[in-house]
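Comments concern the structure below.
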Amino acid sequence: MLQNRFGRLAATALAGSMLMGAAACGGGEEPATSASPTGGATSAAPAGGTTKVGLAYDIGGRGDQSFNDAAAAGLDKAKTELGLAETKELEAGSGETEAAKEERLRLLAQGGFNPIIAVGFAYSGPMKKVATEFPEVKFAIVDDEAAAGPNISNLVFAEHEGSFLVGAAAALKSKKNHVGFVGGVEVPLIKKFEAGFVAGAKAVKSDIKVDVKYLTQPPDFAGFNDPAKGKTAAEGMFDAGADVVYHAAGGSGGGVFEAAKAAQGWGIGVDSDQAKTAAEGVRDVILTSMIKKVDVAVFDFLKSASTGAPKAGTTVYDLKAGGVDYSTTGGHVDDIKTQLDEYKQKVISGEISVPKEVS
Amino acid sequence: MKPAESSFADRLLGRVRPSGLLSLSAPLLAIVFAGVITSIILLVSGDPPLETLGVMADYGTQPRSMVLILNSATTYYLAAIAVAIGFRMNLFNIGVDGQYRLAALIAAAVGGAVALPAPLHIALIIFVAMLVGAGWASIAGLLKVKRGVSEVISTIMLNAIATALGAWLLHKDRLAVEVAGSNNIGTRPIPESGQVPGMAIIPGTETKVFGLIVLAVVVGVVYHVLLNRTRFGFDLRATGRSESAAVASGVNVKKMVLIAMVLSGAAAGLIGMPQLLGASHSYGLDFPTGLGFTGIAIALLGRNHPVGIAFGALLWAFLDTSSSILQIEEIAPEIVQIMQGTIVLSVIIAYELVHRYQIAAGQRRVSKELAGGTPPRVEGASA
């Protein structure tokens, strides 16, 4: 009986303290409510100096040494050069739904951030919805054309054109008439890289052998961040007789370069000028890199947004616009530069049409 | 009743429960415990705990957020029930993740390929999903009863196989179509007759709650009735508690293992349905993954009890939903994961503490009564 009574007392005391705890929490809410801006009270068109920029990443976020970092670089440049008042970067959680992405964009819009940039195609559906809710806010999405709207700028890249040039470079440099392509994850986006690379190599030597390997299949996106897998795949290609391997595999590329170094072959980088950004030891095996200037696209958009009028709809960053290119760091392609520039001109003039899809 | 003989696993999975008021004190203790630890972590990382919780509570009570929480919780609830069915039977179905992903993909493809009147169309999609989930889980069940393969190992491996199979199926030549202008790829969208409209039941927002929240409630009720009010449920619980005792009382344990696995898989097949039929209408590259593992945590949190799991799912959904607002307020969103982990651990520890307290209290009472000369109240025939 005594124990029972004690138990009841303890339970009552606990419940009481919980209630008080809850009440304390309730009290704490008040200042937060008034502090956090609610509603879409962001009607004023922003000018430089007062601009608050919101950036929503997909999984990985700032620090992925690849695609997201390129967007972050564009934001950083804009921050110093345009004098942005405030920037806010939000990251996605793993395995989240579209609703969570939608909410992320909405929170930014409600928080008075304008313009707002979403990095990655997964924001397509969510952006379309949120952009209609906040017609005053300027939105931009990288790598997606499906989300169309009067206040959405779609920043897309002609990855296949850039890949065409490095494909040509690979074929020109290959002594064994055999090159390779390592894709991170087998998704349509990375297939564009493959299509361009194969077309470029075949444009130089129609009988060239191109090995293709993808590291993982969706929904397993580990292939973008698994150097060991990249190394194994590239080793297989070098062993089979390839002497130049191009990777479009994000963080897995480091492994490809290691394999290239061990096999005394060439590696080709992607997204940024990897002869400058890769690990020191492997920089000298990087023949060239296919540069995808996400930073330029982000900066351009922010610059035009700060003057008030970003272009809605699709902006294609292709070879012509300088959105994609090949890099010359290290001087390894100096001897074939004239030929590459010829191809570049042909692509720009439309004489060569690079396929987007693997045939 | 001899609670002292229960194993830690029995208590962990909620097969043995503390009685009376003590059963109330365990969850309270857990919440206090988790609150204290989270506060310490927040203090260490330089954020004020009360204000952080205030921001989260403030955001979580807005009508929009409440809808988001309910929607996430619906999915989490189904995931946790799928796991709990196995747990009650001593089966660790780690493969819920693969089961629901494969089920959602194939159900989405079937739903996009046929045209039927609305109720039939929805029923067909849900039926296909349950069938695929059950079928995939039955592989692990058969391996266990026929070859004695641990279901933990086989379901983990089947998860990896489901990933590969899903990737193979989600291809232009097979079940998928390209989304114009997008880098996404998905199954053909399910026509309107196969979609479940949302319900605007939360006042103050136009965002709709998944219509299939009803399905989650039904599944919860069925789970409860099946386990507690049927012969089958009794056999299942008995087998979970003591296999040898179950065999002695005439239960066909192998059959029970297989049935429990199939039921768990069928429930797993439902996990993707609220999202598929209520929001995305297509299975694409961006379909949520990893829900099976969330389900394991929530089943533990809810002690495999249908109502406990509902609270667990809501709590989990609330924490997940608030991660965005934390980022806006410059608080590391990782705090959410820390909270979730702490809460699960706290619940396990709190129940264990309460359980031990209960045994010690019982022993003290017996010794006191013995010392006082009154015969101890002992149940059963202990002369």
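These protein sequence lines are chains A and B, in that order. According to full-length UniProt numbering, the first sequence is numbered sequentially starting from 1. According to full-length UniProt numbering, the second sequence is numbered sequentially starting from 1. Note that CB positions come from ideal geometry on N, CA and C, so glycine has one too.
Rounded separation between residue i and residue j - CA only
i	j	result
D239 (chain A)	I85 (chain B)	50 Å
G313 (chain A)	S154 (chain B)	49 Å
R101 (chain B)	W136 (chain B)	11 Å
A45 (chain A)	E86 (chain A)	Legend: pLDDT at A45 (chain A) = 40, less than 50; position of this residue unreliable, no value from coordinates given.
A115 (chain B)	Q195 (chain B)	12 Å
Y76 (chain B)	D286 (chain B)	18 Å
G27 (chain A)	L24 (chain B)	Since pLDDT at G27 (chain A) reaches only 34, below the 50 mark, its modelled position is unreliable, and the value read off the structure follows with that caveat. Looking at the two C-alpha atoms, the distance is approximately 26 Å.
A118 (chain B)	H281 (chain B)	14 Å
Q110 (chain A)	V333 (chain A)	49 Å
G295 (chain B)	A242 (chain A)	46 Å
G181 (chain B)	F232 (chain B)	52 Å
A47 (chain A)	S304 (chain A)	For A47 (chain A), the predicted model reports a pLDDT of 44, less than 50, meaning its position is unreliable and no value from the coordinates is stated.
P188 (chain A)	H160 (chain A)	12 Å
V270 (chain A)	G112 (chain A)	35 Å
G284 (chain B)	A176 (chain B)	8 Å
G341 (chain B)	I94 (chain B)	18 Å
A147 (chain A)	Q358 (chain B)	60 Å
T38 (chain A)	D58 (chain B)	Unreliable positioning characterises T38 (chain A) in this predicted model, as indicated by a pLDDT of 36, which lies under 50. The coordinate reading is nonetheless provided below. Approximately 12 Å, taken between the alpha carbons.
G184 (chain A)	F193 (chain A)	11 Å
A266 (chain B)	L291 (chain B)	15 Å
V44 (chain B)	F139 (chain A)	37 Å
D335 (chain A)	K173 (chain A)	10 Å
L142 (chain B)	V96 (chain B)	16 Å
I202 (chain B)	G250 (chain A)	43 Å
L82 (chain A)	A72 (chain A)	15 Å
T328 (chain A)	S289 (chain A)	8 Å
Exposure label - residue i; buried when at least 16 CB within 10 Å
i	result
G134 (chain A)	The question names Gly, but residue 134 (chain A) is Phe in the sequence shown. Label assigned to F134 (chain A): buried.
Q275 (chain B)	buried
A200 (chain B)	exposed
E30 (chain A)	With a pLDDT of 33 at E30 (chain A), under the threshold of 50, the predicted position of this residue should be treated as unreliable, and no value is reported.
L340 (chain A)	buried
S349 (chain A)	exposed
N159 (chain B)	buried
residue 436 (chain A)	No answer is possible for residue 436 (chain A): the residues shown for chain A start at 1 and end at 359.
E330 (chain B)	exposed
G7 (chain A)	In this prediction, G7 (chain A) has a pLDDT of 43, which is less than 50 and means its spatial position is unreliable; what the coordinates show is noted afterwards. Its Cβ being crowded by 16 or more others within 10 Å, G7 (chain A) is buried.
I40 (chain B)	exposed
M1 (chain A)	Bear in mind that a pLDDT of 38 at M1 (chain A), under 50, signals an unreliable position, so the number given afterwards is only what the model happens to contain. Exposed.
T207 (chain B)	buried
S367 (chain B)	exposed
P310 (chain A)	buried
N252 (chain B)	exposed
T61 (chain B)	exposed
Q217 (chain A)	buried
L370 (chain B)	exposed
Given residue i as reference, the closest of the options once Cα atoms are compared
i	options	result
I328 (chain B)	A:E91, A:V324, A:L75, A:N68	A:E91
N68 (chain A)	A:A78, A:K77, A:D76, A:Y57	A:Y57
G125 (chain A)	A:A100, A:F299, A:A171	A:A100
V67 (chain B)	B:I335, B:L353, B:Y351, B:T321	B:T321
S249 (chain B)	B:A238, B:Y283, B:M256	B:A238
M89 (chain B)	B:E151, B:F127, B:A30, B:R147	B:E151
F210 (chain B)	B:I185, B:G198, B:V217, B:G220	B:G198
L227 (chain B)	B:A129, B:A34, B:M256, B:V344	B:M256
A129 (chain B)	B:I348, B:V307, B:L277	B:L277
V221 (chain B)	B:L258, B:H305, B:D173, B:N183	B:H305
D143 (chain A)	A:E102, A:A70, A:A170, A:Y214	A:A70
I352 (chain A)	A:Y326, A:T51, A:K320	A:K320
Presumed contact (8 Å Cβ cut-off) between residue i and residue j, rounded CB distance
i	j	result
I69 (chain B)	A317 (chain B)	4 Å
G180 (chain A)	V245 (chain A)	4 Å
Y317 (chain A)	K344 (chain A)	Not really, about 15 Å apart at Cβ, beyond 8 Å.
A80 (chain B)	G302 (chain B)	6 Å
Proximity test, Cβ basis, 8 Å: residue i and chain D
i	result
D10 (chain B)	Looking for chain D here will not work: the only protein chains present are A and B.
At a CB distance below 7 Å, what residues from the stretch 51–78 of chain B approach chain A? Give them in sequence order. E51, L53, G54, V55, A57, D58, L68, N71
Closer than 8 Å, Cβ to Cβ, to anything on chain A: give me those residues from the stretch 146–176 of chain B, in chain order. T163, A164, G166, A167, W168, L170
Using a Cβ-Cβ cut-off of less than 7 Å, list which residues of the stretch 194–222 of chain A approach chain B; keep chain order. Q217, P218, P219, D220
Could you name the residues of the stretch 314–332 of chain B whose beta carbon sits closer than 9 Å to any beta carbon of chain A, in the order they occur along the chain? D320, T321, S323, S324, I325, Q327, I328, E329, E330
Residues from the stretch 176–190 of chain B in contact with chain A, defined by Cβ distance under 9 Å: E178, V179, A180, G181, S182, N183, N184, I185
Residues of the stretch 130–145 of chain A with a CB closer than 9 Å to any CB of chain B: list them in chain order, please. D143, D144, E145
Cβ-based contacts, 9 Å cut-off: residues of the stretch 78–100 of chain A near chain B: K88, E89, L90, E91, G93, S94, G95, E96, T97, E98, A99, A100
Taking Cβ-Cβ distances below 7 Å as the criterion, which residues of the stretch 250–280 of chain B are in contact with chain A? Q275, A279, S280
Relative to chain B, which residues along the stretch 231–264 of chain A have a C-beta separation below 8 Å, given in chain order? none
Of the residues that make up the stretch 106–130 of chain A, which ones have a beta carbon closer than 7 Å to any beta carbon in chain B? L107, G111, F121, A122, S124
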